[in-house]
Every structure is written in structure tokens, then in C-alpha cells.
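**Q** Okay, so the sequence shown: first residue is -17 according to the working numbering, each after it adds one.
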Amino acid sequence: MDKQHKREVDRRRNFGIISHPDAGKTTLTEKLLLFGGAIQLAGAVKARKAARHATSDWMSIERERGISVTTSVMKFNYRNYEINLLDTPGHQDFSEDTYRVLTAVDSAVMVVDSAKGVETQTEKLMEVCRMRNTPIMTFVNKMDREGLPPLEILSQIEDKLQIECVPLSWPIGAGKGFRGVYNRYRGELFLFTPGEETRPREGVLVRDLGDPLLEERIGKRAAGRLREDVELLEGASEPFELEHYLNGSQTPVFFGSAVNNFGVRELLDAFVEMAPPPRARMTETRLVSPYEEAFSGFVFKIQANMDPAHRDRIAFLRICSGRFHRGMKVIHHRTGKEVTFANATIFLAQDRANVEEAYPGDVIGIHNHGTIKIGDTFTEKEPLKFTGIPNFAPEHFRRVRLKNPLKAKQLQKGLTQLAEEGAVQVFRPVLDSTYILGAVGVLQFDVTMARLKAEYGVDAVYEPVAYHMARWVTSKNPERLKAFEKEMAANLAFDAEGHLAYLAPSEWRLEFVSDKWPEIEFHKVSEHG
Ligand code: G4P
-17 MDKQHKREVD RRRNFGIISH PDAGKTTLTE KLLLFGGAIQ LAGAVKARKA
33 ARHATSDWMS IERERGISVT TSVMKFNYRN YEINLLDTPG HQDFSEDTYR
83 VLTAVDSAVM VVDSAKGVET QTEKLMEVCR MRNTPIMTFV NKMDREGLPP
133 LEILSQIEDK LQIECVPLSW PIGAGKGFRG VYNRYRGELF LFTPGEETRP
183 REGVLVRDLG DPLLEERIGK RAAGRLREDV ELLEGASEPF ELEHYLNGSQ
233 TPVFFGSAVN NFGVRELLDA FVEMAPPPRA RMTETRLVSP YEEAFSGFVF
283 KIQANMDPAH RDRIAFLRIC SGRFHRGMKV IHHRTGKEVT FANATIFLAQ
333 DRANVEEAYP GDVIGIHNHG TIKIGDTFTE KEPLKFTGIP NFAPEHFRRV
383 RLKNPLKAKQ LQKGLTQLAE EGAVQVFRPV LDSTYILGAV GVLQFDVTMA
433 RLKAEYGVDA VYEPVAYHMA RWVTSKNPER LKAFEKEMAA NLAFDAEGHL
483 AYLAPSEWRL EFVSDKWPEI EFHKVSEHG
């Protein structure tokens, strides 16, 4: 194996941040980028977020699409590492994309608000991480505010997210009395000075917790309390095992305050040292190692350009093996066509630039005119198809009604393409010929309608439907499946890939039906074909 290739792979990290809105993801992102020197000014990421959220209608949000494209992947250097931070949109942008991005990362950082503990969106995102046993590092944020006792936060994480917590740092006080953290894994004390927006100073090395330096620095009471806490922890929590973190069963926990830039560098240091470099990924035929020389990658996100004059879209491709270089020829496995990557884009925190070369773990943007689908694989030689880039069961549904029936063809074309891009999911009920749209975030409906109109000239409206959940159904027993299809026809529909789904009016009904039909399997995700 080429030594340089191995070096490039090993120094790459590719991750996403999972959190509930307002826990501090934007603030943390900004501090991470500051450390990486990718942005110069505090406030840059924040300002973009504010610009996005000040506008309420989607069209004007998307007019800023240059912004959403550049924030989709933020690349920065730290020490000798090349880090790709993939954005997982929250708030009103929350959509299936948010989930799908998590299928393209090698690890995640979870941000928890110390006052609010584990919140719903974190639970949902964690569920997606669990599908691939993604390693998670936890940052408990806002320690400068009065919050829940640290042990309470840890037990919430363990109970609600079913992952073992190992606090690698421990807070000294909280809120007004927050003094800093003791880093158990380095044996270092970091003292907190409120309002310190610049890079924090070096930690204070303490030989062990008996070190009188502790009293000197934080006072007798706090030192005593810290000793008690850490002793208790050592008895109560499992020791940290890198293997357990890497297989997603244990999460190392850090405490800090993103807005005060406290604990962020500690987190980042631990992250680059422990988080996995690009990992091998499964295809339909075999496991592909990042160290392989031949190029391969898959598309996990497509960003549309709203300009009706140019129907170009940017497909985000995650490199899985080999080396990308400008002008290289690859095969688009689904169509079997050879394409030249002439002007792929690499994403820097603030700008886009043409890429000359890129390695596994990196994300490149490819311009296309609607020929690329989510889940598509590109390879240099061998025909491969990466798996694990699924559709997620929608949680919101609408029926589409055309205002002008003469536009039926355009509607069909538009919806087919939008489904291929992963903008929305399209279902055709078994019993009628209408279209039911499914989404994970309701904003997806506005986006779809706006794009149908702008790009396909379709004037349509939504009607409510009484579905609240969807599950793809399969069975090893063809006869029972047939019987199920007959009896449940009124609630069955085919998705854009031709997979059968059961649309349930309520969770209760779904449970009832799945109890009644034990031979039928109900799936929360469906692979792209
Ligand atoms: P998000 O991306 O997860 O939604 O969260 P974001 O970073 O925007 O942070 C949400 C709010 O929490 C912001 O306040 C932010 O300043 C604040 N925050 C983030 N980290 C900390 C922290 O360590 N301590 C404290 N006390 N607050 C923190 P905001 O009032 O919504 O916005 P702003 O006007 O302060 O920018």
C-alpha cells in the first residue's frame, strides 16, 4: 500500500454533531472552526444561522443557498488532522437529510444542554447512529449556567439513549460557582474564567488528586468535593475502553461551555486522538477498505439549485477508498456510464474551491443535471454498490392534488426526480392513483411545492391525510404477505422504488396490526435500490 495514501487516510476524521435545537451546536461548531483556523472571527457561523432563520419562507432561505451549500460540509485542520464536519441541520431545516448525513460520517459528537438533559431530537438522531454503531463523544454544554446535577445528566444519557457513559472530565461546581473541569484522562485541571472568548490557556497538571496544588488553585472546599466526586465516579462508572467507544457501546463525556470556549479544545484533542479515521464500508458484494487504491464513493445528499434556468444540482459524494484527482474518469454504477469529474468542489468552512485531490473521509461536490440519485456509487473500475444509505420512515404525510389536471405528466416527472434526490418521499396508494408525500420534517413539503412550481411548472395543493406513521413491509411467507395485501389494501402504498409500505393512522394501530400479523416484518428504513 502506498505510504502517503495511508498517511492521508489516517489523519482524516469525518463527523457530525447531534443535538437538540438550542443545545449549542452552532456555537460549538464555530469554536471548533476557530481552533482549526478555518474562520477568523467569532460570530461567522452564528451570523449565517441567524440569516437563515430570520427568513420564514423557504424560497428566500434558499436564495441564500450558497450559504447552505457551504455549511453542508466544513473542512478544517487541527494539529496534523484533516477534519470534515458534516452539518446535520436542525430547527426548521430538519429533514430526512439530517438523518442521512449520519449515514456518511464515521463518528458523531453529541451536545447536551446541562439544564435540559437529553431532549427528543437527540434521541431521534441517536437512533440513527445506533443503526451503524457510530461512535459518539458527548459534550455537556452550558456548565456556566445552573443545570441538572452531572450524575443526573449521565443517568439520563444512559437510560434514554442506552449507551454507557464514561466521564473523562468532571466539572468543578456549576452555574455561578463553575470553576472548571478536572480531566481524568490527562490528570489535568482546567480553570474557568467566565467570558474568556479567546483560546483558553494551558491546563494545570496535577500529579494526582492528592496534589496540594488543587487546594491552591480551587480552594479547600472545591478540592474536597472534587476528590469525593472522582472517587465516587471511579467506583460507579466503568473504565474507559477505546474499543467500546469505537463500537458505539460507550460514550466518553466532557463538560464545558461552548460560548465561553471552555472545554472545547479538550474535546477536540480527545476527538482527533480517539475518533476513528475513515472506516471500511459495506457494499452489496464486499467490504471496501479506505486503504484500497481504486477510487470509490457514494452520494448521500443532493442540493438543488433553485435557478429554473439552470437545473443543476450538487451531489455530495463521500469518498470511501482511493484518491480523487481532478479530471479523473469514474463509472456511475447505476447507469453504467463513464463520467469525468472535471470540476468537483471541495468544501471549506467559508468557501468553496475546486478540488485537485481528495481522500477517503473527504466529501466532494459534483455538479449534475438530475442524473444522480441518493445512494449512487461511483467507482474507478469494479462495479460496486454501497449499502446503508436508506430512506427513513416519514413522520408527516400530505396528498397532492393538481390544480390543472393537464399537468399530470409534469407532476409525475417532478415527483420522480424529487424522490430520487431525497427531497421528499413519494407513495402511490395501492387502491387509487393519487400521490401521497411523506417527510421527516414538514419543511420538506414547502420545498417540494415550491420546486414543483418553479422547475416543473406544476400548480398543485396539499390535502391532509390521516396517516401518521409508515413502515416498509416484507415477509418470508409469500402467502401471508398476499393475505396482508388484500386485507390492508386501503393502507398500503408503493414508494418510488416500488417497495411496499404500510401507512398507519396511529402508533396504536401500527402496534395492533403488527401484533395481528406476526409473519409480516415492519421496517423503519428502506434501502435505496
Ligand atoms: P444550536 O445550534 O444547537 O441551536 O444552538 P446555538 O449554538 O445557537 O446556541 C443556542 C443558545 O445557547 C444561544 O443563545 C447560545 O449563545 C447559547 N449558548 C451556547 N453555548 C452556551 C454556553 O456554554 N453557555 C451559555 N450560557 N449559553 C450558551 P441565544 O440567546 O439563542 O443566542 P445568542 O443571542 O446568544 O447568540
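Yeah, the Cβ is synthetic: ideal placement off N, Cα and C, and Gly gets one too.
1. Once you ignore the five residues that flank Q(-14) on each side, which residues in its own chain have a CB closer than 8 Å to its CB?
2. Kindly examine the ligand G4P and report whether one of its heavy atoms sits closer than 7 Å to the Cβ of R161.
3. Which of the three DSSP states, helix, strand or coil, is assigned to L249?
4. Which of helix, strand or coil does DSSP assign to V406?
5. Cβ atoms of L492 and M451: under 8 Å apart, would you say?
6. Would you call the CB atoms of G245 and I118 closer than 8 Å?
7. Assuming the contact rule is C-beta atoms closer than 8 Å, C302 and G279 should be a hit. Round their C-beta distance to whole Å, please.
8. Could you check whether D4 and D95 sit closer than 8 Å to each other, using their CB atoms as the reference points?
9. So, at 8 Å on beta carbons, what are the nonlocal neighbours of G309 in its own chain, with the 5 sequence-adjacent residues on each side left out?
10. Considering only residues of the same chain and omitting the five flanking positions on each side of G162, which have a CB-CB separation below 6 Å?
11. Could you tell me whether the segment 399 to 411 touches the segment 467 to 485, where touching means 3 or more Cβ pairs closer than 8 Å?
12. Kindly indicate which residue of N242, M256, N243, A252 has the alpha-carbon position closest to the one of E225.
13. Sort E64, K498, I348 by Cα distance to V254 and report the nearest one.
14. Between the C-alpha atoms of K13 and P342, what's the straight-line distance to the nearest angstrom?
15. Could you check whether T11 and I0 sit closer than 8 Å to each other, using their CB atoms as the reference points?
16. Going by Cα to Cα distance, which pick from P376, N373, E377, H314 is closest to I348?
17. Can you give the Cα-Cα distance for K283 and G72, rounded to whole angstroms?
18. Does the beta-carbon of Q144 have 16 or more other beta-carbons within 10 angstroms, so that it is buried, or is it exposed?
19. State yes or no: is the C-beta of A5 nearer than 7 Å to some heavy atom of the ligand HEM?
20. Give a single yes or no on whether A90 has its beta carbon closer than 7 Å to a heavy atom of the ligand G4P.
21. Distance check for A421 and W40, CA to CA, integer angstroms please.
22. Counting C-beta neighbours from all protein chains within 10 Å, is the total for G304 16 or more, i.e. buried, or is it exposed?
23. How would you write the range of the alpha helix (DSSP H) that K435 sits in, first residue to last?
24. Measure the C-alpha to C-alpha separation of V(-9) and K355 and round it to an integer number of angstroms.
25. Are Q285 and S54 touching if we call contact CB-CB under 8 Å?
26. Between the alpha carbons of A331 and A240, how many angstroms are there, rounded?
27. Helix, strand or coil: which one does DSSP assign to K506?
28. Using 8 Å as the cut-off, can you tell me whether the segment 457 to 471 makes contact with the segment 495 to 509, which would need three or more C-beta pairs spanning the two stretches below that distance?
29. Excluding five sequence neighbours on each side, which residues of the same chain lie with their C-beta closer than 8 Å to the C-beta of Q232?
30. Cα separation between L228 and V270?
31. With DSSP as the reference, please indicate the residues paired to V382 in a beta bridge.
32. State the beta-bridge partners of M264 as determined by DSSP.
33. Is there at least one non-hydrogen atom of the ligand G4P closer than 7 Å to the beta-carbon of A240?
34. Just mark H2 as buried or exposed, buried being the case when its beta carbon has 16 or more other beta carbons within 10 Å.
35. Which residues bound the alpha helix (DSSP H) around F217?
36. Over the uninterrupted alpha helix (DSSP H) stretch that includes S457, give me the two end residues.
**A** This is what the structure gives:
1. none
2. no
3. helix
4. coil
5. yes
6. no
7. 5 Å
8. yes
9. T322, F323, A324
10. I154, F172, L173, F174
11. yes
12. M256
13. E64
14. 25 Å
15. no
16. H314
17. 16 Å
18. exposed
19. Of the ligands one can find in the structure shown, namely the ligand G4P, none is the ligand HEM.
20. no
21. Low confidence applies to W40: its pLDDT is 47, below 50, so where it sits in the model is not reliable, and the reading given next is rough at best. Near 16 Å, if we compare the C-alpha coordinates of A421 and W40.
22. buried
23. 425 to 438
24. 27 Å
25. yes
26. Only weak support exists for where A331 lies, its pLDDT of 46 falling under 50; the coordinates are left without a value.
27. coil
28. yes
29. I145, E146, C147, V148, E220, F222, E223, H226
30. 18 Å
31. Y417, Y444
32. L269
33. yes
34. buried
35. Checking the sequence shown, residue 217 turns out to be Gly, not Phe. Counting along the chain, the alpha helix (DSSP H) containing G217 begins and ends at 202 to 218.
36. From DSSP, S457 is part of no alpha helix (DSSP H) but of the beta strand (DSSP E) over 451 to 457.
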